[in-house]
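A.B. asks:
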Amino acid sequence: MALLMYHLTSFFLLFLCYSLVNSYHPRDPKESLALLEFKKVFSLNESASSACDFWGQAAGYPKTATWNETEDCCSWDGVKCDEEGEGHVVGLDISCSQLYGTLHPNSTLFALSHLRTLNLSFNSFDFSPLSPQFGTFRNLRVLDLSSSSFHGDVPIEISHLSNLVSLDLSGNYDLKFSNLVMNQLVHNLTNLRNLALARVDLSRILTLTSFMNFSLSLTSLRLSSCGLSGNFPSHVLSLPNLRVLQLDYNHGLKGHLPMSNWSKSLEILDLFQERFPIPLAMPSYKVLDLSWCQFTGGIPESIKNLTQLDTIGLSRNNLLIGVIPSWLYALPHLKNLALSNNHFINAFMGDFKSNSLEVLDLGETNLQGGISESIYRQANLEFLILSSNNLSGILNLDILLRIQSLEYLFVSNNNQLSIPCTNASSRNIIWIEMASLKVEKFPCFLRYQKNLKYLDLSNNQLRGEIPRWFSEFGDLYQLNLSHNFLSSGIEVLFTLSNLGHVSLDFNLFNKLPSLTLPPLLSWFTASNNQLSGNIHHSIFWQTTNLKVLDLSNNSLSGEIPPLICHVTYLGTLILSKNRLSGTIPSCLGGNTSLEVLDLQSNNLSGTLPTNFPTGSQLKSFNLNDNQIEGELPRSLLNCENLHLLDLGNNKITGNFPYWLEAASNLQVLILRSNRFYGPINNSMNQYSFPSIQIIDLSRNHFIGSLPSNLFENLRAMKEIEMGNQKPNYISIYSSSYYHVSVVVSMKGLDHKLERILSIFKAIDLSSNDFSGEIPKSIGMLISLKGFNLSHNKLTGGIPMSFGNLTSLEWLDLSSNKLSCNIPLQLVALTFLSVLNLSHNQLSGPIPQGKQFATFENSSYIGNLGLCGFPLPNCDAKKHSESQLLRDDEEDEILEKGFWWRVVFMGYGCGMVFGIFVGYMVFRIGKPLWIVAMVEGKRSPKIQRSRRRNFGPRNRND
24 MALLMYHLTS FFLLFLCYSL VNSYHPRDPK ESLALLEFKK VFSLNESASS ACDFWGQAAG
84 YPKTATWNET EDCCSWDGVK CDEEGEGHVV GLDISCSQLY GTLHPNSTLF ALSHLRTLNL
144 SFNSFDFSPL SPQFGTFRNL RVLDLSSSSF HGDVPIEISH LSNLVSLDLS GNYDLKFSNL
204 VMNQLVHNLT NLRNLALARV DLSRILTLTS FMNFSLSLTS LRLSSCGLSG NFPSHVLSLP
264 NLRVLQLDYN HGLKGHLPMS NWSKSLEILD LFQERFPIPL AMPSYKVLDL SWCQFTGGIP
324 ESIKNLTQLD TIGLSRNNLL IGVIPSWLYA LPHLKNLALS NNHFINAFMG DFKSNSLEVL
384 DLGETNLQGG ISESIYRQAN LEFLILSSNN LSGILNLDIL LRIQSLEYLF VSNNNQLSIP
444 CTNASSRNII WIEMASLKVE KFPCFLRYQK NLKYLDLSNN QLRGEIPRWF SEFGDLYQLN
504 LSHNFLSSGI EVLFTLSNLG HVSLDFNLFN KLPSLTLPPL LSWFTASNNQ LSGNIHHSIF
564 WQTTNLKVLD LSNNSLSGEI PPLICHVTYL GTLILSKNRL SGTIPSCLGG NTSLEVLDLQ
624 SNNLSGTLPT NFPTGSQLKS FNLNDNQIEG ELPRSLLNCE NLHLLDLGNN KITGNFPYWL
684 EAASNLQVLI LRSNRFYGPI NNSMNQYSFP SIQIIDLSRN HFIGSLPSNL FENLRAMKEI
744 EMGNQKPNYI SIYSSSYYHV SVVVSMKGLD HKLERILSIF KAIDLSSNDF SGEIPKSIGM
804 LISLKGFNLS HNKLTGGIPM SFGNLTSLEW LDLSSNKLSC NIPLQLVALT FLSVLNLSHN
864 QLSGPIPQGK QFATFENSSY IGNLGLCGFP LPNCDAKKHS ESQLLRDDEE DEILEKGFWW
924 RVVFMGYGCG MVFGIFVGYM VFRIGKPLWI VAMVEGKRSP KIQRSRRRNF GPRNRND
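All letters in the sequence shown, in the order written, are residues 24 to 980 by the numbering used here.
1) Report buried or exposed for Arg222, applying the criterion of at least 16 other Cβ atoms within 10 angstroms of its Cβ.
2) Restricting to runs no shorter than 3 residues, where is the beta strand (DSSP E) found entirely within the region 449-516?
3) Hey, how far is the Cα of Lys277 from the Cα of Ser459?
4) Taking Asn557 as the reference, give the member of Ala549, Thr93 and Ile583 with the closest Cα.
5) Pull up the CB-CB distance for Ser189 and Phe173, whole angstroms please, since I reckon it's below 8 Å.
6) DSSP three-state label for Gln864, please.
7) At what residues does the alpha helix (DSSP H) containing Lys63 begin and finish?
8) Go to Glu396, then tell me how far its alpha helix (DSSP H) extends in each direction, as first and last residue.
9) Could you please give me the residues that DSSP links to Trp546 through a beta bridge?
10) What did DSSP end up calling Thr87 once you bin it into helix, strand or coil?
11) Indicate whether Leu354 and Leu383 have their beta-carbon atoms separated by less than 8 Å.
12) Going by the CB atoms, is the gap between Ile651 and Thr630 shorter than 8 Å?
13) DSSP three-state label for Lys949, please.
14) On the three-state DSSP scale, how would you describe Leu564?
15) Quick check: what's the CA-CA separation for Arg266 versus Asn217?
16) So Leu423 and Ile455 are supposed to be a Cβ contact under 8 Å. How far apart are they, rounded?
17) Shortest alpha-carbon distance to Pro730 belongs to which of Thr131, Asn672, Lys799 and Leu670?
18) Report yes if the CB atom of Leu163 is closer than 8 Å to the CB atom of Val102, and no otherwise.
19) Identify the continuous beta strand (DSSP E) that holds Gly643 and give its terminal residues.
20) DSSP state of His174, grouped into three classes?
21) Going by beta carbon distance, what residues of the same chain come within less than 8 Å of Gly253, once the five residues before and after it are set aside?
22) Can you give the Cα-Cα distance for Ser537 and Leu225, rounded to whole angstroms?
23) Hey, Asn736 and Asn708: beta-carbon distance below 8 Å or not?
24) Roughly how many whole angstroms lie between the Cα atoms of Ala876 and Asn859?
25) Starting from the Cα of Ser286, find the closest Cα among Ser247, Arg245, Ser240 and Ser248 and give me that residue.
26) Pick from Phe160, Lys63, Thr140 and Thr93: whose alpha carbon is nearest that of Thr125?
27) What are the boundary residues of the alpha helix (DSSP H) that Glu735 is part of?
28) Return the chain-ordered ranges of every alpha helix (DSSP H) run that is complete within the region 72-153 and spans a minimum of 4 residues.
29) Considering only the alpha carbon of each residue, which of Leu627, Leu208, Pro263 and Leu192 lies closest to Leu184?
30) Under three-state DSSP, which class holds Ala686?
31) Find out if the Cβ-Cβ distance for the pair Val434, Ser397 is shorter than 8 Å.
32) Would you give the residue range spanned by the alpha helix (DSSP H) that Gln439 belongs to?
33) How big is the Cα-Cα spacing for Ser550 and Ser261?
34) Can you check DSSP and say which residues form a bridge with Val434?
35) If we count the other Cβ atoms within 10 Å of its Cβ and call it buried at 16 or more, is Asp271 buried or exposed?
36) Using 8 Å for Cβ pairs, my map puts Asn844 next to Gly867. What's the rounded Cβ distance?
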């Protein structure tokens with residue numbers, strides 16, 4: 024027996040050795056070296072993989088940090104080898120590995136020719152081009168390069184990867200697809216099951232016919248936020264294995280959902296914000312997101328038959344009919360329901376039959392009455408959004424906060440909803456919005472929410488001091504206490520080391536503490552308070568992360584602290600409407616990250632910074648109402664993104680800055696009430712000031728003729744505005760927080776514009792010393808809303824071309840030396856509500872009808888030759904016939920070539936003076952047609968001419 028055991032053991036050992044020998048394959052050292060060389064090129068940076076957690080990936084860590092020469096590369100983190108073949112590296116997953124640097128086309132990565140899966144997602148390759156070398160991985164089945172900062176055109180070589188089963192390029196905002204590459208990709212990748220191109224630029228794909236050729240094996244198509252436009256082929260929805268289709272946020276995309284032949288596998292359909300008419304029949308979805316799709320009417324009855332449905336998104340449509348249907352509350356597996364921003368009629372919250380809800384969004388749905396008791400039974404509830412309704416009664420926090428999964432609570436803008444005082448707490452709640460609830464005291468329960476990260480109590484009636492227990496919110500990042508009546512306690516907020524965003528606007532604070540701002544603070548606003556004294560330089564000692572600082576509308580004095588120059592990433596600085604003095608720190612001009620600099624309405628003196636650098640991000644620069652002197656620095660041209668330049672009400676001097684014509688993005692130019700002088704250069708061309716919508720040069724010392732070429736080439740004022748569109752505002756700043764504030768002279772009064780509609784276009788050249796005639800090229804500015812040339816020395820007549828300004832709402836030509844008649848064409852200006860032609864030398868009858876029936880005497884005083892309503896009557900018929908006669912005479916004379924030089928002498932005010940001179944010069948011989956014209960007689964030709972002309976004509980145009 025022992026002998027038998029000995030032989031069996033020996034045999035087993037021999038077999039084991041044989042197996043090990045035959046299963047071992049020596050690793051190719053070239054692949055290990057290639058990986059190590061690849062590693063050396065990149066540095067490690069936590070921010071390179073910061074998006075991992077946001078997009079639901081595993082937490083990032085540097086996988087390549089463990090790679091070393093002493094170990095087999097197949098044991099390295101993220102590396103997989105072929106154990107059954109020759110031991111080559113066949114898989115590389117270094118996603119979320121904090122890699123930062125450029126991926127060059129000659130990278131040793133491309134030496135790994137046996138790769139079958141490659142995942143480089145959620146790193147930062149620093150806007151590297153997507154190399155054609157990726158096309159050499161002919162064995163590749165899975166390629167994931169998502170959210171890794173690749174840039175440029177997707178190369179055609181990607182379509183050579185015919186074995187690909189999954190391709191994910193999502194989140195590379197600067198990657199662009201051409202029609203050719205997309206066509207080839209769809210044609211060649213016949214095994215493709217998963218294609219994810221969300222947040223990749225597909226805007227150059229003008230037709231989507233190539234999508235008809237997607238593989239029948241396709242299971243997931245994710246094309247969110249791609250810039251797609253045109254008709255999406257409904258055939259895709261019939262692909263037999265399609266499980267996920269996401270087309271959300273493609274604003275130009277439209278199409279039709281099929282009435283039948285849906286894919287039976289489809290579980291997730293996301294058309295968020297696309298224009299697809301809702302179908303009468305739908306397949307058995309699990310997820311249905313049709314938010315922002317412009318649906319009207321009621322919620323389709325067909326949805327109630329989708330018994331497997333767990334997610335419904337119908338937010339931001341135009342569902343108007345009736346209440347929220349009762350069957351919606353009865354769906355057995357409902358987890359996520361979003362109906363926000365619809366306008367149901369007399370909607371009341373029903374009782375949910377199941378207790379499976381995780382997300383409930385009923386914000387802004389016109390809900391009435393109390394909160395359903397069924398809400399408090401949802402044990403898995405994470406998001407509860409009930410904002411902007413008409414809810415009343417009591418929010419039962421004692422029960423609600425027992426839901427341990429609850430993280431987000433939104434109940435703002437329900438001013439009849441009561442918040443009771445309770446000590447209830449939740450370990451997981453991190454986000455609370457309770458704005459506009461008429462709350463007078465800080466809610467008791469807040470003190471016990473130790474993990475709170477976001478808190479909004481704005482627009483309530485809170486008074487007095489910020490409670491000391493706010494210092495216990497160690498994780499609080501964003502706090503909004505604006506629009507209350509708080510008067511003290513700012514200093515307690517400065518102790519919160521994680522605080523990143525604070526809004527304290529419209530309170531009663533009168534002191535800005537001399538403490539250091541929290542080191543992570545990126546946003547601090549305390550505008551519209553009663554803050555006085557100096558801005559303590561100490562608050563900037565450790566704050567290097569500050570991006571927005573708004574202390575406007577206070578009573579702060581002293582100088583702008585030079586230490587503000589150490590705030591490297593400052594993007595918005597608003598110190599307007601205080602009592603600040605001294606000069607502007609030159610570093611503010613040299614700060615390349617600064618986008619908004621608003622210092623208007625202070626007592627600042629000195630000159631403008633001269634060091635605006637190349638690459639400056641400045642978009643809005645407002646110094647209105649200060650004491651700034653000197654000339655404009657030409658370095659402003661380095662601010663290529665400049666949209667607004669407001670330097671009005673200062674002491675700035677020099678000639679008109681014609682060189683600003685090269686600022687292609689400039690939309691608002693205000694230089695009013697300064698000391699500019701001299702003529703305005705008339706050399707402008709089609710590239711001059713292409714985006715200008717407001718130009719105000721009033722109250723300066725400009726002289727000479729009006730620049731006709733400037734008016735002729737103001738392209739933004741020549742664009743026809745389309746009606747029935749949602750109002751848009753001039754885009755000044757990438758953040759919705761800052762709205763430009765400018766003062767313009769409008770309809771005879773100065774008006775403050777907090778926001779500027781894109782259709783608002785105005786020119787103000789008043790109170791200068793311009794002379795000569797008004798250029799007829801102004802009549803090309805058909806979208807002009809307001810035009811002011813008052814208080815100059817202009818002569819000649821009002822151009823008939825002004826009749827083309829059909830959008831004009833106010834016109835001020837007062838206090839000049841204008842003569843001749845008021846053109847009848849002005850009657851066509853049906854939007855004109857203010858007209859001021861006073862104190863000129865105009866004559867003849869005032870046009871009648873339409874808007875002219877609304878203008879009072881003040882529009883015309885100081886013109887002794889004018890008559891007709893609302894001035895004393897005159898023989899309008901006589902004036903009209905006289906004018907027609909002069910027009911016909913003008914036509915006849917212009918037909919005689921020898922006569923035109925003499926007639927030109929009377930060009931400004933019709934033909935009478937020119938004819939008189941012509942008569943005197945040529946009276947010997949007296950051609951009969953001249954005698955007949957002077958005596959008021961008419962030839963048959965003149966009679967026909969009279970019938971063709973229905974109104975006076977002004978030769979000035």
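Positions of the beta carbon are idealized from the N, C-alpha and C atoms, including for glycine.
C.D. replies: According to the structure data:
1) buried
2) 454-456, 477-479, 486-488, 501-503 and 508-511
3) 38 Å
4) Ile583
5) Contact flag wrong, Cβ pair sits at about 17 Å.
6) strand
7) Pro52 to Val64
8) Taken as a continuous stretch (DSSP letters only), Glu396 belongs to no alpha helix (DSSP H), as it is neither H nor E.
9) His524 and Val571
10) helix
11) no
12) yes
13) Note that Lys949 has pLDDT 38, beneath the 50 cutoff, so the model's placement of it is unreliable and no number is given.
14) Checking the displayed sequence, the identity of residue 564 turns out to be Trp instead of Leu. It is coil, neither helix nor strand.
15) 10 Å
16) That belief does not hold up - the Cβ atoms of Leu423 and Ile455 are roughly 11 Å apart, past 8 Å.
17) Per the C-alpha coordinates, the member of Thr131, Asn672, Lys799 and Leu670 positioned closest to Pro730 is Lys799.
18) Not in contact: Leu163 and Val102 (Cβ atoms no closer than 8 Å).
19) In the sequence under discussion, the amino acid at residue 643 is Ser, which differs from the Gly named in the question. For Ser643, the uninterrupted beta strand (DSSP E) run begins and ends at Ser643 to Asn645, by DSSP.
20) strand
21) Leu229, Thr230, Leu231, Gly275, Leu276 and Lys277
22) 51 Å
23) yes
24) 14 Å
25) Across the set Ser247, Arg245, Ser240 and Ser248, the C-alpha of Ser240 shows the shortest separation from the C-alpha of Ser286.
26) Lys63
27) Ser731 to Glu735
28) 74-77
29) For Leu184, the closest of Leu627, Leu208, Pro263 and Leu192 by C-alpha to C-alpha distance is Leu208.
30) Of the three classes helix, strand and coil, the one that applies to Ala686 here is coil, per DSSP.
31) no
32) Boundaries around Gln439 are those of the beta strand (DSSP E), Gln439 to Ser441, since no alpha helix (DSSP H) includes it.
33) 56 Å
34) In DSSP, Val434 forms no bridge with anything.
35) buried
36) 4 Å
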